[in-house]
Each structure stands twice: as C-alpha cells, then as structure tokens.
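Student: Would you mind keeping the following structure in view while I ask a few things?
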Amino acid sequence: MIKYLSAWIRDYFGFSRTETRGLFFLLFLITVAIFGTIYIENTAFNSYQEKETDLKILDSLMREFEASIQQPVAQHENEEVPKTLFPFNPNASSFDTFRQLGISERLTNRILSYRNKGGRFYQAKDLLKIYDFPLHLYKQLEAYIDIPEQKMKVKSAVLAKNETLLDSEPKAEVPKDEKLYLDINHTDSLQLKQLKGIGTVLSARIVKYRDQLGGFHNFNQLKEVYHISDDALKTLEDHTFIKNDFETKKIKINELDFKSLLKHPYIDYELAKAIMNHRRIYGNFSSTEQLREVYYIKEELLVKLLPYIVI
Numbered sequence: 396m397i398k399y400l401s402a403w404i405r406d407y408f409g410f411s412r413t414e415t416r417g418l419f420f421l422l423f424l425i426t427v428a429i430f431g432t433i434y435i436e437n438t439a440f441n442s443y444q445e446k447e448t449d450l451k452i453l454d455s456l457m458r459e460f461e462a463s464i465q466q467p468v469a470q471h472e473n474e475e476v477p478k479t480l481f482p483f484n485p486n487a488s489s490f491d492t493f494r495q496l497g498i499s500e501r502l503t504n505r506i507l508s509y510r511n512k513g514g515r516f517y518q519a520k521d522l523l524k525i526y527d528f529p530l531h532l533y534k535q536l537e538a539y540i541d542i543p544e545q546k547m548k549v550k551s552a553v554l555a556k557n558e559t560l561l562d563s564e565p566k567a568e569v570p571k572d573e574k575l576y577l578d579i580n581h582t583d584s585l586q587l588k589q590l591k592g593i594g595t596v597l598s599a600r601i602v603k604y605r606d607q608l609g610g611f612h613n614f615n616q617l618k619e620v621y622h623i624s625d626d627a628l629k630t631l632e633d634h635t636f637i638k639n640d641f642e643t644k645k646i647k648i649n650e651l652d653f654k655s656l657l658k659h660p661y662i663d664y665e666l667a668k669a670i671m672n673h674r675r676i677y678g679n680f681s682s683t684e685q686l687r688e689v690y691y692i693k694e695e696l697l698v699k700l701l702p703y704i705v706i
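The letter at position 283 of the sequence shown is residue 678 when you use this note's numbering, and the numbering goes up by one with no holes.
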C-alpha cells in the first residue's frame, strides 16, 4: 500500500524518492503532535488535583500586587491635602512651612528652586505658575497667602508718570537719574538706554534675547543675556517689572520643523533632533507632560521650556 502511494505521489507531484520520504516523515510528525496533544489534555491535565487551590493563591497574590501599586498613589494624594492652614508668604516660607500646609515635597522643591533662581510671587495666583501646581490645592490655600506689596505699590505710584515721560519726544533727553519703571516685555532698546549702566549694545541684546524667547516670565532669565553684568542686573531688577498677567509667546511643538525649533534659545541641535525623532516614531504630543518622554530632555530644562510650549 505504501509502495503504491509513494509511486502515485512521485508521478502526480513530480517528487524524487528523497522528497517523497521527507513528505511521509513530516506527515508522521504531524500525526504524533496531534495525538500527543489529545493524550496530554485527557490524562495529565485531568489528573491535576490542586488547580482550585493554586487559582486561589494566584488571586491572592494579584490583590496584594494591585494594593502595592495603588498605595503610593494614595500617599501622594494625601500629601496635597492641607493638614494645617495658616497665613504664609510664599516668597519667604521655608521647606517645613510648605510641607505643613500640605504641599508635596516635589512641589515644595520646585517653589524653592524658582525662588533661588530669582523668581518672586507678587500675588496669590502666581503660585499657579509653578509647573503642575494643583488647582484644588491652590483654592484651599488662596485665603491664607499673605504677600507684602510695598514694592509693587511704589512701582504703581510712578508707573503712570514714567509712561507719559517715555512716550514724549525726544526720548534721548530723559535724564539718567530719573526713577524709571519699565515693562521689560514691552519696552524698546531706546527706553532701556535711559537706565543707568544700560548702554546701546546691552539694551539691544536684552530686547533681541527677549524676542527670541517669547518674553521674560521671571527676572532670573535676564541672567541668560550674553555678557550682562551684576550691576546691570541690579539696575534692571530695581527699574523694570513683569506684569502678572503677561503671557509668553508660545511655540507649537507639534507643528514646527527642525529649523524652526532651533530658533528658540532653549532648544539646541540635539534637543530639536530628539523632538523630531519622538514625533516621527510616536506621533504628535498629546500633552506637555509627554515631553518628559523625550530621551534628551532634562527636568531643569523642561521646567524652563514649558512656559513657551503649546500643544
């Protein structure tokens, strides 16, 4: 029977004797695999007596694993629930004070870092400028935020007078000793030159860097202006201000091409390339939080860049 079947296969398919034997061997292996599977299912699995017990153990382990994942989340949420409410000044409060108010350690470090870099809070809602500060926590703390406003009152008292003076002609005749208070995000280089110690070259650099950034959102950014002295920084701190409602010029991170990204001072060649690669592989960013997934970007740089990003 096998002999006639082999002859028929060779004639019908044109196989050689070796190929025909290989076909029979393959059919034999398939048959063994099928019947072997049936045998295992009907004997070995049916003889397993501890299935129910092991399933209960597995369910118990899964519940413990899920609880271990959820516990840190609950602890983090509890950190942001104020334990004790009392008046505080965010410009002067210590680490312990912020923690007593229920502000998480992560947010507290961001606030202190913002202050150490020259940032200041001029009104209660400025706390929301801190990246990822929860709105519900701010609403609970808002009535207790106490910020002295003496310096802001002095600036407001002379602001109207200075705006009239600066709009008059000729601007070059404004005395260097005049107490000027300028909006650093809207003044021009001619007005900046009226400040003592701010010359033609430096005033042009300040305006150029401001426009490249998309505006200054804190005074610490003035330190990034090329070749600016400590004396010039002190003059700018005393005679310029940033409006509380100032909005920086945003860049559309999902739309700009490589060259356009490079134009922003905070984005160098490597970061621009990393952003483009991330968009190419994973698609557009759906939130600013996803920028943390870009392999080249560091937390410090991300905090600086976020005020200028829009999805």
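Don't be surprised by glycine CBs; every beta carbon is placed ideally from N, CA and C.
1. To the nearest angstrom, report how far apart R501 and F528 are at their CA atoms.
2. Spatial neighbours of S584 within its chain, please: C-beta separation below 7 angstroms, excluding the five flanking residues on both sides.
3. So if DSSP puts L577 in a beta bridge, which residue, or which two residues, is it bridged to?
4. Which runs of the alpha helix (DSSP H) at least 4 residues long sit entirely within the region 583 to 624? Give them in chain order.
5. So, are the CB atoms of L617 and L631 less than 8 angstroms apart?
6. What residue range is occupied by the uninterrupted alpha helix (DSSP H) comprising L651?
7. Spell out a yes or no on whether the region 535 to 542 and the region 516 to 525 are touching, meaning 3 or more CB-CB pairs, one atom from each, closer than 8 angstroms.
8. Among residues of its own chain, excluding the 5 on either side of D578, which ones have a beta-carbon nearer than 8 angstroms to its beta-carbon?
9. Let me make sure I understand the geometry here. Which of K524, T503 and D633 has the alpha-carbon closest to that of K699?
10. Considering only residues of the same chain and omitting the five flanking positions on each side of M547, which have a CB-CB separation below 7 angstroms?
11. Between F410 and L418, how many whole angstroms is the CB-CB distance? I'm expecting something under 8 angstroms.
12. Could you check whether I692 and A669 sit closer than 8 angstroms to each other, using their CB atoms as the reference points?
13. With distance defined between alpha-carbon atoms, name the residue in S488, Q495 and L496 nearest to Y509.
14. Per DSSP, which one or two residues make a beta bridge with V705?
Tutor: Per the coordinate set shown:
1. Along the sequence shown, one-based indexing puts residue 501 at 106. Along the sequence shown, one-based indexing puts residue 528 at 133. Each residue's alpha carbon lies about 10 angstroms from the other.
2. In the sequence shown, counting from the first residue as 1, residue 584 sits at position 189. For S584, where only same-chain residues beyond five positions count, the Cβ hits under 7 angstroms are S598, A599 and V602.
3. Counted from its first residue, the sequence shown places residue 577 at position 182. Answer is T635, bridged to L577.
4. 584 to 587 and 595 to 608
5. By one-based count along the sequence shown, residue 617 stands at place 222. By one-based count along the sequence shown, residue 631 stands at place 236. Yes, Cβ-Cβ distance for L617 and L631 is below 8 angstroms.
6. Position 256 of the sequence shown, counted from the start, is the residue given in the question as residue 651. Looking at the DSSP string, L651 is not in any alpha helix (DSSP H), and its letter there is neither H nor E.
7. yes
8. Within the sequence shown, the letter at position 183 stands for residue 578. The answer, listed in chain order, is T635, F636, I637 and K638.
9. Here residue 699 refers to the residue found at position 304 of the sequence shown. Here the closest residue by C-alpha is K524.
10. Reading the sequence shown from its first residue, position 152 is the one you call residue 547. For M547, the predicted structure reports a pLDDT of 49, less than 50, and the residue's modelled location is therefore unreliable. The matter cannot be settled from this model.
11. As a working note, residue 410 is residue 15 in the sequence shown. As a working note, residue 418 is residue 23 in the sequence shown. About 7 angstroms; that satisfies the 8 angstroms criterion.
12. The sequence position of residue 669 within the sequence shown is 274, counting from 1. The sequence position of residue 692 within the sequence shown is 297, counting from 1. Their beta carbons are under 8 angstroms apart, which means A669 touches I692 by this criterion.
13. Start at 1 with the first residue of the sequence shown, and residue 509 comes out as number 114. Comparing Cα positions, the closest option is S488.
14. Here the question's residue 705 lines up with position 310 in the sequence shown. K647, per the DSSP bridge assignment.
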